[in-house]
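Undergrad:
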Amino acid sequence: AQSVAQPEDQVNVAEGNPLTVKCTYSVSGNPYLFWYVQYPNRGLQFLLKYITGDNLVKGSYGFEAEFNKSQTSFHLKKPSALVSDSALYFCAVRASGGYNTDKLIFGTGTRLQVFP
Amino acid sequence: DAGITQSPRHKVTETGTPVTLRCHQTENHRYMYWYRQDPGHGLRLIHYSYGVKDTDKGEVSDGYSVSRSKTEDFLLTLESATSSQTSVYFCAISESTGLPYEQYFGPGTRLTVT
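Sequence lines, in order, name chains L and W.
Per our numbering, the first sequence starts with residue 1, numbered consecutively.
Per our numbering, the second sequence starts with residue 1001, numbered consecutively.
This is the structure in structure tokens:
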């Protein structure tokens, strides 16, 4: 069965420091991986995705993610955190099977808190 | 929120009453989804649709039904609401099958069942 794990409920980082939000996955076949961000009282916003090719994926708002097949990880990173990056971040993997669907399996989320 | 609206945005209802949530899109996307978001669980898929009148169950479909009579509208019905269905409900859309297109989410509906 496909699954996604976000091992940290919360990540705290000082503004200007690099940040990493961790994600590991389990999926049969090739993984399609996504990161979303949720600001308070809002829906999820798409940040970036990995389909194939370059292991380093760049996305919105200066975020990037590194796909590591051997470690089955897809960690979200940003070189210099902003207070405005404080939000809830979700990793998701596309479920395999069922050619008529595009179902995503979501992690439980990691709350990022960036302190001034 | 990418041409997706949800109504109502907030609702309080009593146990045992029927409730219908509406998702409306202006993007003409084929796929539509209903999720619920609960602390500690992330987002869980309730039902999804891959075309008009084509729907299927997700991982937490018990107690919910859906209908899609038009491309732009996807309705989620709680036939007899229970307190365990208190949650935030999100609708999402995506373009097509085959390639793994990202999903775009609506603003959510906060439902409280008392």
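The beta carbon of each residue, even a glycine, is placed where N, CA and C say it ideally should be.
Along the stretch 30–54 of chain L, where does the CB come closer than 7 angstroms to a CB of chain W? Name the residues.
TA: So the list reads Y32, F34, R42, G43, L44, F46, K49, I51, given in the order they occur along the chain.
Undergrad: My understanding is that G43/L touches P1008/W, with C-beta atoms under 8 angstroms, so please give their C-beta distance in whole angstroms.
TA: As a working note, residue 43/L is residue 43 in the first sequence. As a working note, residue 1008/W is residue 8 in the second sequence. Actually they are not in contact, since the Cβ atoms of G43/L and P1008/W sit about 15 angstroms apart, beyond 8 angstroms.
Undergrad: Would G59/L pass as an interface residue toward chain W - the criterion being a Cβ-Cβ separation below 8 angstroms?
TA: The residue you call residue 59/L lines up with position 59 of the first sequence. Chain W contact via Cβ: absent.
Undergrad: Within 8 angstroms of any Cβ in chain L, is that where the Cβ of G1040/W sits?
TA: Looking up residue 1040/W in the second sequence gives position 40. So, interface residue.
Undergrad: When you compare only the Cα positions, how much space is there between A92/L and S28/L?
TA: Within the first sequence, the letter at position 92 stands for residue 92/L. Within the first sequence, the letter at position 28 stands for residue 28/L. Near 14 angstroms, if we compare the C-alpha coordinates of S28/L and A92/L.
Undergrad: Mind pulling the chain L residues with CB within less than 7 angstroms of G1106/W?
TA: Counting from one through the second sequence, the residue named residue 1106/W turns up at place 106. Those within 7 angstroms of G1106/W in chain L are G43.
Undergrad: Residues of chain W with CB under 7 angstroms from L112/L, in chain order?
TA: Your numbering for residue 112/L matches position 112 in the first sequence. Near L112/L there are no residues of chain W at all, since even the closest Cβ is about 15 angstroms away, more than 7 angstroms.
Undergrad: Helix, strand or coil: which one does DSSP assign to S1083/W?
TA: The residue given as residue 1083/W occupies position 83 in the second sequence. The answer is helix: DSSP assigns S1083/W an H, G or I state.
Undergrad: Against chain L, with Cβ distances strictly below 8 angstroms, would L1043/W count as a contact?
TA: Within the second sequence, numbered from 1, the residue matching residue 1043/W stands at position 43. Yes, L1043/W counts as interfacial toward chain L.
Undergrad: Name the DSSP bridge partner or partners of A87/L?
TA: Within the first sequence, residue 87/L is the residue found at index 87, counting from 1. Note: A87/L sits in a beta bridge opposite L112/L.
Undergrad: Please name the residue, chosen from V114/L, G109/L, A87/L, that lies closest to G1042/W on a Cα-to-Cα basis.
TA: Within the second sequence, the letter at position 42 stands for residue 1042/W. Comparing Cα positions, the closest option is G109/L.
Undergrad: Cβ of E1059/W within 8 angstroms of Cβ of L1045/W?
TA: The sequence position of residue 1059/W within the second sequence is 59, counting from 1. The sequence position of residue 1045/W within the second sequence is 45, counting from 1. In contact: E1059/W and L1045/W (Cβ atoms closer than 8 angstroms).
Undergrad: Which residues in chain W sit within 9 angstroms of F90/L, going by Cβ to Cβ distance?
TA: Indexing the first sequence from 1 puts residue 90/L at position 90. In chain order: G1042, L1043.
Undergrad: Mapping the DSSP letters down to three states, classify G1042/W as helix, strand or coil.
TA: Counting from one through the second sequence, the residue named residue 1042/W turns up at place 42. DSSP places G1042/W in strand when its eight states are reduced to three.
Undergrad: In the DSSP assignment, find the beta strand (DSSP E) that holds T20/L and state where it starts and stops.
TA: Start at 1 with the first residue of the first sequence, and residue 20/L comes out as number 20. Residues 19–21.
Undergrad: Hey, Y1035/W and A1081/W are a contact pair by Cβ (cut 8 angstroms); roughly how many whole angstroms apart?
TA: Here residue 1035/W is taken as the residue at index 35 of the second sequence, counted from 1. Here residue 1081/W is taken as the residue at index 81 of the second sequence, counted from 1. Not really, about 17 angstroms apart at Cβ, beyond 8 angstroms.
Undergrad: Which one or two residues does DSSP pair with L82/L in a beta bridge?
TA: Translated into positions along the first sequence, residue 82/L becomes position 82. Per DSSP, none; premise fails for L82/L.
Undergrad: Which value, in whole angstroms, describes the spacing of the CA atoms of F34/L and I1004/W?
TA: Working through the first sequence from its first residue, we reach residue 34/L at position 34. Working through the second sequence from its first residue, we reach residue 1004/W at position 4. Roughly 20 angstroms separates the two Cα atoms.
Undergrad: For Q1011/W, which of Y1104/W, T1086/W, F1105/W has the nearest alpha-carbon?
TA: Within the second sequence, the letter at position 11 stands for residue 1011/W. The residue you asked about is not Gln; residue 1011/W is Lys in the sequence shown. For K1011/W, the nearest C-alpha among the options comes from T1086/W.
Undergrad: Inspect the beta-carbon positions of Y32/L and R94/L and report whether they are closer than 8 angstroms.
TA: Position 32 of the first sequence, counted from the first residue, corresponds to residue 32/L. Position 94 of the first sequence, counted from the first residue, corresponds to residue 94/L. Against a cut-off of 8 angstroms, the Cβ pair of R94/L and Y32/L comes out as a contact.
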